[in-house]
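Peer 1: Please see the structure below; I have some questions.
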Amino acid sequence: MRIALPVAAAGIAAAIGAALLTSSAGAASASPNPPAVPSSDSPTLAELEQRVLGAAAHDDTAGVSSAKSSYSSSSTVDAKIIGGTTTTITTAPWMAQLWYQDETNGVYFFCGGSVVSPTKILTAAHCVQGYNWKAYGAIVTGTSQLPDGDLNGGTVTAVHRQWNHPSYSSRTIDNDIAVLTLANPIKATPIKMATSTETAAYAAGTSAKVYGWGRTSSTTQDVSETLKTATLPMQSDTTCSGFYGADFVKGHMVCAGNPASGSDSGTTSACNGDSGGPLVVNNRVVGVVSWGVQDCVAKGAYSVFAKVRTYVGAAYPRIDDTNLSLDHKADLWVRNASTKTGYEKDSTGTSFGARESWGNWSAFNFVLQNDLNRDGYQDLLVRRSSDGDVFWKHWVPASGSWATTKVADNWGTRTRIVIPGDLTGDYLPDLVSVDSAGKAWLYPGQGNGTFASRVQIGTGTGWNQYNVLVGHGDFSGDGKADLLARTGSNGYLYLYKGTGKSSAPFSSRVKVRTWSSSTYNKVAVVGDVSGDGKADVLARTPGGTLYLYKGTGKATSEIFATRISVGTDYKQYDIFG
């Protein structure tokens, strides 16, 4: 039987830019502010610490698999690093401890994870599916030590939301990847995920490192009190399938390590307690610890990981999934053209709920949702009509209020402003604007509402040929943010696929539709409206019918599914953001 690799908590108990500004000047006159963000009802620090310490003193496992194979007769879900060496949190600052204590149902366990943004933890689906992490979980970062009565200098944080791959199978442990959203941003340095085009990292023989606090011997359930690491050579799909047969799913899984010797001596392997932790090549997570054989040292066995390059297209939108109602579905912000009242309309997945008034927003001619500081709360970028100044409005949980910062001066002549997401590969949202001369500029975000020096996108001046330039997320399913552009002359809709490189952030455009202005006079992109992990598009007819085009993840003419009408009264709105 294959076994996923979290650990029983009892084992732990046994072990134990040039044109942009950064200023608050003028901010006071950039009112109004959005309504207060509802409290996330996070537990107190004392409650979180109790969850951690309580989980460490009990015995249970996560994600038990019922899959049958010839490699084990036990259904215990376990994981460790055998043959590793001690390392420090300074070396691996992105390592996270995932603790779960459900006293009502008697469930207690521990997994590993990786900090991939200030509010996001990448881990294994078998550590997440079927569990209520908001109610019973806690995340510890910033320490290489497991708790032994206290957190040993670590920081404990609540979980706000959870997502696991919708096709995860607890029987086969396939599609074993998940993302937890923290209630508050943390200071731990994030690590990036492998890109969808990564190949060299997966070549047989490539040196990789696995990290975790799991078991260090096949003869005891005790785990390591201190963070461990081990170097493993990547193995080919043929090698992995040769040992595991059909249990190993090519393309979805990757295995690493030299063949186990049959005992601790001569074996270097992930094991119980390492579940959800990272396999790292060149400072990127290429695999997530998933499953292996019972006690981890069966002769000829390898450690098996979820292949991150396959899942980055599904996981990355969860990293960029901030929205107004704090669920996994992007919401719509609109303004009534006559009254200038702003409204929030929360997504249900296939439509939008009743509108919620935000008061009078007559001072602005541009409003755009974003999360420039990656704190998990939706921000707004707004442009003041009177002088073209651009302001960043962001929620400050510590004060329970909105802050307003001027980020650009006199941008009244900018014809387009877009925040599509991360265009440079650093997991921080970037900004694109088009000036009156038709030049497009990339402003690399720095994660705090400020931007690095701008870089011209290409050398041309033809960007004003587009009467639509929008983006918020990944349309092609490769884990990189993209843009959509529509020409005013013929209505051709083009996809500009993101490359993840600041020097050339987009590939050559690909025509995906013909949408003239007489077909749709407003096109908006606010992210993943349906909640399926793919960026969607909203398009309004001149008569006021708004259609949802769900993204398919295909960079072709099949980029959208069949449109769905989400309402017929949208003619009244002049701003969609």
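Positions -27 to -1, 1 to 550 (mature numbering (1 follows the signal peptide of the UniProt record, and there is no 0)) are the ones given, in order, by the sequence shown.
Even for Gly, the Cβ is constructed at its ideal location relative to N, Cα and C.
#1: Select from Ala111, Gly332, Lys507 and Val129 the residue whose C-alpha is nearest the C-alpha of Gly315.
#2: Quick one: measure Cβ to Cβ for His301 and Asp293, integer angstroms, because I've assumed they're closer than 8 Å.
#3: Taking 8 Å as the limit between beta carbons, can you name the residues of its chain near Gln208, skipping five residues before and five after?
#4: Are the beta-carbon atoms belonging to Val101 and Ala151 less than 8 Å from one another?
#5: Can you give the Cα-Cα distance for Tyr493 and Arg513, rounded to whole angstroms?
#6: Within its chain, find whatever has a CB closer than 7 Å to the CB of Tyr284; leave out the 5 residues flanking it on each side and keep chain order.
#7: CA-CA distance, Gly373 and Arg257?
#8: If we count Cβ pairs, one from each stretch, closer than 8 Å, do we get three or more for the segment 462 to 476 versus the segment 346 to 363?
#9: If you compare alpha carbons, which of Asn125, Asn148, Gln118 and Val88 is closest to residue 556?
#10: Counting Cβ pairs, one atom from each stretch, are 3 or more of them under 8 Å apart for the segment 151 to 161 and the segment 118 to 126?
#11: If you count every other CB in all the chains shown that lies within 10 Å of the CB of Gly433, and 16 or more means buried, which is it?
#12: With DSSP collapsed to three states, give me the class of Glu171.
#13: Among residues of its own chain, excluding the 5 on either side of Lys318, which ones have a beta-carbon nearer than 6 Å to its beta-carbon?
#14: Which class does Gly471 belong to by DSSP, given the choice of helix, strand or coil?
#15: I need the straight-line Cα distance from Ala52 to Ala279, nearest angstrom please.
#16: How many Å lie between Glu171 and Val428 at the Cα?
#17: If you measure between the beta carbons of Gln74 and Tyr109, is that distance less than 8 Å?
#18: Taking the DSSP output, what are the residues bridged to Cys84?
#19: How far does the alpha helix (DSSP H) with Pro139 in it reach, from first residue to last?
#20: What is the rounded straight-line gap between the Cα of Phe424 and the Cα of Arg387?
#21: Assuming the contact rule is C-beta atoms closer than 8 Å, Val253 and Val259 should be a hit. Round their C-beta distance to whole Å, please.
#22: Terminal residues of the continuous alpha helix (DSSP H) containing Cys213?
#23: For Lys484, collect the residues of the same chain with a Cβ closer than 6 Å to its Cβ; drop the 5 residues on either side in sequence, then sort them by chain order.
#24: What's the call for Lys366, buried or exposed, on a 16-neighbour Cβ count within 10 Å?
#25: Please confirm whether Asp344 and Val222 have their CB atoms less than 8 Å apart.
#26: Whole angstroms is fine: what's the gap from Asn296's alpha carbon to Lys523's?
#27: Using alpha carbons as the reference points, say which of Leu415, Thr63 and Arg134 lies closest to Asp14.
#28: In three-state terms, what does DSSP make of Ser190?
#29: Three-state secondary structure (DSSP) at Glu329?
#30: Taking Gly27 as the reference, give the member of Trp72, Thr63 and Ile62 with the closest Cα.
#31: Output the distance between the C-alpha atoms of Glu20 and Gly79, rounded to the nearest integer angstrom.
#32: Let me know the secondary structure DSSP gives Lys366 once reduced to three states.
#33: How big is the Cα-Cα spacing for Pro219 and Thr179?
#34: Straight-line CA distance for Ser46 to Gly540?
#35: State the start and end residues of the unbroken alpha helix (DSSP H) segment that holds Ala288.
#36: Which term fits Lys41, buried or exposed, when burial requires 16 or more other beta carbons within 10 angstroms of its beta carbon?
Peer 2: From the atom records:
#1: Gly332
#2: With 8 Å as the limit, His301 and Asp293 do not qualify as a contact, their Cβ atoms being about 11 Å apart.
#3: Ala177, Val227, Cys228, Ala229, Gly230 and Tyr275
#4: yes
#5: 5 Å
#6: His138 and Ile150
#7: 35 Å
#8: no
#9: The structure shown does not extend to residue 556, since the chain is modelled only from -27 through 550, so no value can be given for it.
#10: no
#11: exposed
#12: coil
#13: Leu305, Phe325 and Arg328
#14: strand
#15: Any reading at Ala52 must be qualified, since the residue scores a pLDDT of 36, below 50, and its modelled position is unreliable; no value is offered.
#16: 25 Å
#17: yes
#18: Leu71
#19: Where Pro139 is concerned, there is no enclosing alpha helix (DSSP H), given that its DSSP letter is neither H nor E.
#20: 17 Å
#21: 7 Å
#22: Asp210 to Tyr217
#23: Tyr465 and Tyr467
#24: buried
#25: no
#26: 17 Å
#27: Arg134
#28: Residue confidence for Ser190 is low, a pLDDT of 48 falling below 50, so the modelled location carries little weight; the figure read from the coordinates is stated next. Coil.
#29: strand
#30: Trp72
#31: 17 Å
#32: strand
#33: Sequence check: residue 219 is Ala here, not Pro. Spanning the two alpha carbons is a distance of roughly 24 Å.
#34: Note that Ser46 scores 28 on pLDDT, short of 50, meaning its location in the model is unreliable and no value can be drawn from it.
#35: Val281 to Ile292
#36: Low confidence applies to Lys41: its pLDDT is 30, below 50, so where it sits in the model is not reliable enough to give any reading.
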